[in-house]
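Scroll down for the structure; my scribbles are underneath it.
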Amino acid sequence: MRIGIVVESYWGNTAQVAEAIAAGARQTGAQTVVWSAAQAPAQIADVDLLLVGAPTHNLKLPSSSSRRIAARRGIDVDSSGVREWIASADLSGVPTVFTFDTRVSLHSGSAAKDAAKKLKRRGAHVEQGEGFFITGDTPVLQAGEIERAKEWGSRLAC
Ligand SMILES: Cc1cc2nc3c(=O)[nH]c(=O)nc-3n(C[C@H](O)[C@H](O)[C@H](O)COP(=O)(O)O)c2cc1C
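Structure below.
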């Protein structure tokens, strides 16, 4: 199985989750490729499964205004991310997409939910996947989340 992952991340946590999902998938023999959303190809081909992940900003996918807030906290930000990538992506060759996100709150709206809604509008067959949880002023993943991401990657690849 070939799995592609498109990810956006500012403090690196969502990127770590993406790498852990990929590592879990490879344990079952899958081939994986991880793209930063700012550099992801507009047309994705040759994957059996695509995952799209982003940090939750203001209950949704990051936007230009939420990225400005991250930039004010000293983070290098790209001018585009998953939101912009979805708007121009050609997903006609992708059988299934799963979304995932990172966030602080269990009960907040989420980037995964927002991405799933936007991907559906673009005609993708999409499932909202997992949320992975963050803690701290400088955000870090909660204990056990990397392992959970690896397990999810293994399950998806089976
Ligand atoms: C502008 C901004 C808005 C945010 N809004 C939310 C939110 O609505 N809900 C939430 O749970 N976390 C929110 N967060 C926390 C982020 O989800 C957290 O920074 C992110 O998961 C870290 O992932 P990253 O290291 O990949 O950037 C927000 C963070 C920023 C910078």
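Sequential numbering of the sequence shown, starting at 866, is according to the working numbering.
Where is the CB? At the ideal position from N, CA and C, for every residue including glycine.
Note that the structure is predicted; figures quoted are calculated from it, not measured.
For residue j and residue i, believed in contact at Cβ under 8 Å, the rounded distance
i: Leu914; j: Leu984; result: Contact doesn't hold; Cβ gap of about 13 Å is too wide.
i: Thr921; j: Arg968; result: 4 Å
i: Ser953; j: Ala907; result: 5 Å
i: Val882; j: Phe997; result: 5 Å
N- and C-terminal bounds of the beta strand (DSSP E) containing residue i
i: Ile870; result: Arg867 to Val872
i: Trp900; result: Gln896 to Ser901
i: Thr879; result: It is not in any beta strand (DSSP E) - Thr879 instead sits in the alpha helix (DSSP H) that spans Asn878 to Gln892.
i: Arg968; result: Val962 to Arg968
i: Gly994; result: Val991 to Thr1000
Opening and closing residue of the alpha helix (DSSP H) in which residue i lies
i: Leu1021; result: Glu1010 to Ala1022
i: Val947; result: Val947 to Ser953
i: Arg986; result: Ala976 to Arg986
Bridge partners - residue i, DSSP secondary structure assignment
i: His922; result: Lys925
i: Ile940; result: The partner list for Ile940 (beta bridge, DSSP) is empty, contrary to what the question assumes.
i: Phe909; result: Inspection of the sequence shows that residue 909 is occupied by Ile rather than by Phe. Ile909 pairs with nothing; no bridge assigned.
i: Val917; result: Val871 and Thr964
i: Leu1006; result: Ile999
Does the pairing of the stretch 972 to 981 with the stretch 897 to 914 give three or more beta-carbon distances under 8 Å? No contact exists between the stretch 972 to 981 and the stretch 897 to 914.
Is the stretch 956 to 967 touching the stretch 930 to 937, taking contact as three or more C-beta pairs under 8 Å? Fewer than three pairs of CB atoms, one per stretch, sit closer than 8 Å, so the stretch 956 to 967 makes no contact with the stretch 930 to 937.
Count Cβ pairs between the stretch 934 to 947 and the stretch 870 to 887 that sit closer than 8 Å; are there 3 or more? Counting Cβ pairs under 8 Å, three or more are found: they touch.
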